[in-house]
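> Following this message is one structure expressed as structure tokens.
Following this line, the structure appears as structure tokens:
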């Protein structure tokens, strides 16, 4: 199918000021698609679902409109107010009875509706009328506040629907997500079979798993030819050279020009497997207490036990460090200062930290799972997840004898830019549609 007009649903990214994971993918796809559109006959627009329809947004991704500033202000002060209220059970009880939305996530839904109304009447939205040949590209986490009515209406109006799938973790590894999220995700996947004309995944592994999951679904549209995958782009795109690096992080390295310590990047949660990592380092510290480990990531679902183990550890702030709120500049700083990335995750949809590390010419030690072998290929050294000794032996060899695993030269690793990623995506869309 010859692509003419592509409309990219950025509803969630528009309403959230965070810059991680899927939001970063969404923003980069929008930016690159618009650049490609300026050089070709393809038109590309970010759109937002509102009142069961889609609206084209007068919205430059990254530009801080009044609504964005208001969003940050309200979220910041809502958190402070809620923390204060939680200190007094009687006040919490009264507010919960009088204003149930105050203590539930529904507050953000009401806030988003308010912002939509403001934008609608100030002219930032213009309703979209789909026509034959239009493509609606769904990039975001669709199971969170799904826009089924708007999507199905677009399809009734002749739009072709392309659904991006980032992973199937809630279905394949339900132990790593909340039961409510698991049910939402499962319902969402089944619902997509009713409107999707094509699925495009972020890895061959995820694509194959999706095919298996959807086989037998009640849909006449989806065939094996409607599945494909593309490679995600990379650039740590919010790094600002003028941003400061906190002093307590800089001081750890003490102006040492040599690479120091091992970095683990990812949400602190059971799926990311930091317990395995700590078990491995217990053996390492018994031989070499100076070997440093940096754990970087926010505390996620069921991550408190892992965080508590770190906080109570005898090596904390000696050879063990944990940072839960690093900026992109600070993460970039660690990628440049550490001697290797360790990525012990149990399952991923792609494994972005591997690409981030390799782009910094940083050696990578990663769990021996299919999706990470697809991402890291033979530039990465892989260890056995069944036995933490597998990892500790590698690191002890590095620390004691400077013996690094035999892998392909990192300098030969080719980074896929977001421009190249979007060109791949366009090609796959044409093939699938």
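In my numbering, the protein residues as written are 81 to 513. Positions of the beta carbon are idealized from the N, C-alpha and C atoms, including for glycine.
With respect to the alpha helix (DSSP H) encompassing residue 92, which residues constitute its N-terminal and C-terminal limits?
91–95
> Please classify residue 295: is it buried, with 16 or more other beta-carbons within 10 angstroms of its beta-carbon, or exposed?
exposed
> What residues are listed by DSSP as bridge partners for residue 214?
Answer by DSSP bridge pairing, in chain order: 85.
> Residue 429: buried (16+ other C-beta within 10 angstroms of its C-beta) or exposed?
buried
> Counting Cβ pairs, one atom from each stretch, are 3 or more of them under 8 Å apart for the segment 240–251 and the segment 211–223?
yes
> Name the DSSP beta bridge partners of residue 423, please?
446
> Pull up the distance between the alpha-carbon of residue 141 and that of residue 229, whole angstroms please.
Annotation note: pLDDT 41 at residue 141 (below 50); position unreliable, no value reported.
> Please give the ranges of any alpha helix (DSSP H) in the segment 318–382, keeping only runs that are unbroken, at least 4 residues long and fully inside the region.
327–333 and 354–367
> Where do the N-terminal and C-terminal ends of the beta strand (DSSP E) with residue 123 fall, by residue?
Element bounds for residue 123: 123–130.
> Quick one: give me the first and last residue of the beta strand (DSSP E) that residue 280 is part of.
278–281
> Based on the DSSP output, what are the partners of residue 406 in its beta bridges?
Answer is none; residue 406 lacks a bridge partner.
> For residue 492, which of 435, 358 and 265 has the nearest alpha-carbon?
The option with the nearest alpha carbon to residue 492 is 435.
> Have a look at residue 183 and residue 171 and give me their C-alpha separation to the nearest angstrom.
Confidence is the limiting factor: at residue 183 the pLDDT is only 47, short of 50, which leaves the residue's position unreliable, though a coordinate-based value still follows. Rounded to whole angstroms, residue 183 to residue 171 spans 12 Å at the Cα level.
> State the start and end residues of the unbroken alpha helix (DSSP H) segment that holds residue 242.
Per DSSP, residue 242 belongs to no alpha helix (DSSP H); it is in the beta strand (DSSP E), 240–245.
> Here's the rule: buried if 16 or more other CB atoms are within 10 angstroms of the residue's CB, otherwise exposed. What is residue 164?
exposed
> Under a three-way DSSP split, which group does residue 396 fall into?
strand
> With which residues is residue 133 paired in a DSSP beta bridge?
130
> Please go through the same chain and pick out, in chain order, the residues whose beta-carbon is closer than 6 Å to the beta-carbon of residue 168, but skip the five residues on each side of it.
none
> Could you tell me whether the segment 353–366 touches the segment 388–399, where touching means 3 or more Cβ pairs closer than 8 Å?
yes
> Quick check on the burial criterion: 16 or more other C-beta atoms within 10 angstroms. Buried or exposed for residue 456?
buried
> Alpha carbon to alpha carbon, how far is residue 82 from residue 346?
39 Å
> Buried or exposed: which applies to residue 91, given that a residue is buried once 16 or more other Cβ atoms fall within 10 Å of its Cβ?
Residue 91 should be labelled buried.
> Which of the three DSSP states is assigned to residue 522 in this structure?
The first residue shown for the chain is 81 and the last is 513, placing residue 522 beyond what the model contains.
> Flag this pair as yes or no: are the beta carbons of residue 325 and residue 274 separated by less than 9 Å?
no
> Indicate whether the contact test is met: 3 or more Cβ pairs, each with one atom in the segment 254–266 and one in the segment 409–424, closer than 8 Å.
no
> What's the C-alpha gap between residue 353 and residue 461?
Roughly 17 Å between the two C-alpha positions.
> Put residue 275 into one of helix, strand or coil per three-state DSSP.
Of the three classes helix, strand and coil, the one that applies to residue 275 here is coil, per DSSP.
> Once DSSP output is grouped into helix, strand and coil, what is the label at residue 173?
Residue 173 carries a helical assignment under DSSP once its states are collapsed to helix, strand and coil.
> Rounded to the nearest angstrom, what separates residue 357 and residue 394 at their Cα positions?
16 Å
> Any idea if residue 417 is buried or exposed, counting beta-carbon neighbours within 10 angstroms, 16 or more meaning buried?
Around the CB of residue 417, 16 or more other CB atoms lie within 10 Å, so the residue is classed as buried.
> Give the range of the beta strand (DSSP E) segment to which residue 309 is assigned.
It spans 307–309 - the beta strand (DSSP E) in which residue 309 sits, taken as one unbroken run.
> Which residues bound the beta strand (DSSP E) around residue 462?
461–463
> What do you reckon, are the CB atoms on residue 307 and residue 348 nearer than 9 Å?
no
> Which residues does DSSP list as the beta-bridge partners of residue 401?
Beta-bridge pairing links residue 401 to 374.
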